[in-house]
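Here the protein sequences line up with chains A and B, keeping their order.
Read left to right, the first sequence gives residues 25 to 230 (the numbering used here).
Read left to right, the second sequence gives residues 37 to 139 (the numbering used here).
Below is one structure; the comments refer to it alone.
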Amino acid sequence: MDTTFLEYLVFFAAALMVLGGAIGVITLKNPVHAALGLVMTLFGIAVQFVAQEAHFLAAVQVIVYAGAIVVLFLFVIMLLGVDNAMDLSVEPIKVQRPLAAVMGLGLASLITAAVVKADGSTVLPGARGTGIDIATQTGDNDSNIKQLAENLYGDHIFAFELTSVLLVVAVAGTVILTRKWPKGEPDISAGVTADADADSDTGAAK
Amino acid sequence: MIAAIEPTWYLILAALLFSIGAFGLLIRRNPLVMFMCIELMLNAANLTFVALATKLGDINGQTAVFFVMVVAAAEVVVGLGIIVSILRRKPGATADDLAGLKG
């Protein structure tokens, strides 16, 4: 079979996964099903990354997004017990869905029109990179990871270090946000916790 | 190997994915599903980054995707923490119920 035909086959199959999963996320009533639709979209994106020779990002996409983030979503859904179907026919603001549809269609058609008008021919002046090493051309299977590592730990080392600060702050903030502080102990979220305890007590009484 | 499919196709796919995500964010009421729609939009941006990195031959685009993933992970951790503490106070809260946050 022709290589070009195969590439188009891969592209359209993965595009179908991406769009089908995305439509599943926004239409399925049960949040667990929506999360599984999200998994399908993320795998489709990973396939598109492989098709564009971004092998490392494809692996990270599967491990971090499909592996960690969606599991975190499912964990929270199960933890809170909200894994029941919602009634999507109830719409408090009547005009919102038509307006949202107009916005979505307008956004899609505007971006598509801009992309088609540019048609891949426009190249930003002075924006040419040094080229991307491709495994099949360099004969080195690790060329993508090596080039990415040189770029990340060379040009972007400071930003890379800052991401560790970001992750530590995010983890510490989440622990403070969600922890139930013991009563009578002075803590930094004293007011919020007192209200929450009062509410949960009345909720239990009902 | 790389030239058969023009970046235009990937950009159009990303545009459609972003629009679906934005549409879903506006019509859904469940905060968890709204969060998933934000992930859809982030992934559309990632696809655009990789497509243009390939087109321009610039590895910096792929590095940007790496950073987007890190920030998305941090955002999900904080966002889900907030959602957990909100839903613990008001079980079954939707985005409409959060209007009380405006004080």
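Note that CB positions come from ideal geometry on N, CA and C, so glycine has one too.
Which runs of the alpha helix (DSSP H) at least 4 residues long sit entirely within the stretch 104 to 166 of chain A? Give them in chain order. Contiguous alpha helix (DSSP H) elements confined to the stretch 104 to 166 of chain A occur at 120 to 142 and 159 to 162, taking only those with 4 or more residues.
Using 8 Å as the limit for Cβ to Cβ distance, is G60 of chain B near chain A? The beta-carbon of G60 of chain B is placed less than 8 Å from the nearest beta-carbon of chain A.
Nearest to K91 of chain B by alpha carbon, out of B:I63, B:L47 and B:L137? Answer by Cα proximity: B:L47.
Return the residues of the stretch 175 to 207 of chain A that lie within a Cβ-Cβ distance of less than 7 Å from chain B, sorted by chain order. Of all residues in the stretch 175 to 207 of chain A, N175, L176, H180, A183, T187, L190, L191, A194, V195, G197, T198, L201 and T202 have a Cβ within less than 7 Å of some Cβ in chain B.
Chain A partners of L137 of chain B, CB-CB under 8 Å? In chain order: nothing, as chain A lies at least about 12 Å away.
Integer-rounded CB distance, given that I56 of chain B should sit under 8 Å from Q46 of chain A: Sequence inspection shows Ala at residue 46 of chain A; the Gln mentioned does not correspond to that position. For a cut-off of 8 Å, the C-beta gap from A46 of chain A to I56 of chain B is around 4 Å, short enough to register as a contact.
Option nearest V120 of chain B by Cα separation, candidates A:D111, A:L96, A:V119 and A:I117: It is A:L96.
Are the CB atoms of V84 of chain A and F67 of chain A nearer to each other than 8 Å? Taking C-beta atoms as the reference points, V84 of chain A and F67 of chain A fail to come closer than 8 Å.
H57 of chain A, DSSP secondary structure in three states: Looking at H57 of chain A - three-state DSSP - the assignment turns out to be helix.
Name the two residues that bound the continuous alpha helix (DSSP H) containing K91 of chain B. Boundaries of the alpha helix (DSSP H) around K91 of chain B: P67 to L92.
Checking contacts by CB at 8 Å: is A89 of chain B closer than that to chain A? Using a CB distance cut-off of 8 Å, A89 of chain B counts as an interface residue toward chain A.
Does the Cβ of A125 of chain A have 16 or more other Cβ atoms within 10 Å, making it buried, or fewer, making it exposed? That one is exposed.
Run through DSSP, which three-state label would K170 of chain A get? Taken through DSSP and simplified to helix, strand or coil, K170 of chain A comes out as helix.
I'd like to check one pair, N79 of chain B with I293 of chain A: are the Cβ atoms closer than 8 Å? Residue 293 of chain A is absent from the structure shown; chain A starts at 25 and stops at 230.
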